Amino acid sequence: MCNKQLAVSGGPPVSACRALPQDTLTPSGLLPPLQSAYRAFHMTETAVLTDILLAIDTGDLSALALLDVSAAFDMVDHEFLIHQLRTSYHLSGLVIQ
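Here this note's numbering runs 21 ahead of the position in the sequence shown, where the first position is 1.
Printed below as a string of structure tokens:
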């Protein structure tokens with residue numbers, strides 16, 4: 022059994038055993054309203070595909086470019102990233118360990 026709780030700015034504590042991005046970001050109002058990722062029943066792929074299909078239906082030109090940016094994350098200054106997560110998003114504890 023897990024009794025660990027995460028403090029969430031602007032929302033109730035969330036169990037650390039099931040802390041998902043939407044559990045911590047949605048109550049705090051930190052997710053942009055048009056962001057599809059990390060929301061129940063929303064997927065980024067679905068949102069992109071819907072936008073492309075709407076553009077095609079209206080006769081607009083559409084293109085999709087897929088880039089692999091995984092190597093860029095190896096270049097991230099992790100100390101700076103952790104500092105930003107703590108100060109800008111008020112995350113602490115297991116979330117950023």
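For every residue, glycine included, the Cβ atom is placed at its ideal position computed from N, Cα and C.
Just so it is clear, the structure is predicted and the values come from calculations on it, not from any experiment.
Among the residues of its own chain, which have a CB less than 8 Å from the CB of Arg107, if the five just before and after it don't count?
-> Here the set comprises Ser113 and Ile117.
Taking only the alpha-carbon atoms, compute the straight-line gap between Thr67 and Leu85 and give it to the nearest angstrom.
-> Distance from the CA atom of Thr67 to the CA atom of Leu85, rounded to whole angstroms, is 13 Å.
Which of the three DSSP states, helix, strand or coil, is assigned to Ala86?
-> coil
Separation of Asp95 from Tyr110, as counted between CA atoms | 22 Å
Is DSSP giving Leu112 helix, strand or coil here?
-> Judged by DSSP in its simplified three-state form, Leu112 adopts coil rather than helix or strand.
Using the Cα positions of Ser91 and His99, report the straight-line distance between them to the nearest angstrom.
-> 15 Å
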